[in-house]
Amino acid sequence: MSIPHPVKTDDRLKSDKDPKDDGDDEPEPVIAGPFSLYDGSFVLEFLRPRRSRNASVLMRTTFKHDHPWCKLGKGHGQAPPLHLHFQQSESFIVLSGEVGTTTAYSLIDTIHTPQNTSASNPHHIAPWMPHRIWPSPAATEDTTILVWAHPNPDHLDDKMDRLFFQALLMYISDVREGREVLSLLQVMVMQHFSATALIMFPELWVLGPLRWWIPWLVQCICAYLAMWMGYSPLLRKYMSQEDWEDAVVQGRVEMWRRGKKQQ
């Protein structure tokens, strides 16, 4: 059960594409941001990934180590619940400070630093691997990481791209800051269009794949309901005028509108 997605060709925005077709040795410039989120405890930038990354999105994120919210560790607003991605991997390197991950159904905690997760040794989170990322409360300096989602084939639907992360992270930040009221339907429809599912009772091994299948089924039903009620995976308020008017974005919006009428 899946919501139809309109884009089966190169669905990157114009601003996300490398204007030079041989970008392997090109720098990775900032294309959006910096955005100061979660009461200033988290800074988000989007970069244009070089072609060799084969990435649908590249982000540079910074946790401000001396901010009280970062001392919460796994309780920080930018520490998502345990989840998995069906289609893409996530990889990251640590440029400064330290960041934590929790991975697998056995909930293995690991601290990553520039010494053990450098450009020569990125940490890779494969599809179907339960995981979450969180700021280390023990960090003694700001933690900056580069994180990207890959691969990025033209035919792949429901990618984790810049607009997905930009809308989701800015929306959740506003919720945590009291600017928005949390709508679970809004979150469900956004997650569903990134081929992501939450994990329930991860250590209860007797449940097997039901640990992700039940949350995914609930999410799928909620996403259909949200679409019927007029929700959209993209939030206009978190997009620039240029992004909103992009042909790819308007193609998605039109497809979602048609899908709503057919339900």
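Quick note: the sequence shown uses the UniProt record's numbering, first residue 1, plus one each step. Each residue gets a CB set at the ideal place from its N, CA and C atoms; glycine is no exception.
Own chain partners of residue i with C-beta closer than 7 Å, once the 5 adjacent residues on each side are dropped
i    : result
S173 : L37, Y38, G77
A223 : I3, M188, V189, H192
E180 : Y171, D174
G33  : L44, E45, F46
Y231 : L185, Q186, V189
D109 : G100, T102
D21  : Note on D21: pLDDT 45, under 50, position unreliable in the model; the coordinate value appears next. If we look at D21 and ignore the five residues flanking it on each side, it has no Cβ neighbours.
L156 : Q87
L107 : P202, E203
8 Å Cβ shell around residue i - same chain, five flanking residues per side excluded
i    : result
Q219 : M188, Q191, H192, A197, L198
R176 : Y38, D39, G77
S118 : I93, V94
M239 : L163, Q166, A167, V249
P29  : L47, R48
P215 : A197, L198, I199, M200
W205 : Y105
Cβ neighbours of residue i in the same chain (closer than 6 Å, five flanking residues each side left out)
i    : result
D161 : S56, V57
N54  : H150, P151, N152
K74  : W134
K159 : S56
Three-state class that DSSP yields for residue i in the structure shown
i    : result
D158 : coil
D109 : strand
R179 : coil
R60  : strand
A104 : coil
G97  : coil
First through last residue of the beta strand (DSSP E) which encompasses residue i
i   : result
V43 : 42 to 47
H85 : 83 to 85
P34 : 30 to 37
Host alpha helix (DSSP H) of residue i (start-end)
i    : result
L185 : 184 to 192
request  = Could you pull out every unbroken alpha helix (DSSP H) segment of at least 4 residues lying fully inside the stretch 194 to 263, listed in chain order?
outcome  = 210 to 228, 241 to 245, 247 to 262
ask   = Can you give, in chain order, each stretch of the beta strand (DSSP E) that sits fully within the stretch 119 to 152 and has at least 3 residues?
value = Segments of the beta strand (DSSP E) lying fully in the stretch 119 to 152: 123 to 125, 131 to 135, 143 to 150.
inquiry  = Tell me whether the stretch 127 to 146 and the stretch 96 to 110 touch, counting them as touching only if at least three CB pairs, one residue from each stretch, are closer than 8 Å.
reply    = yes
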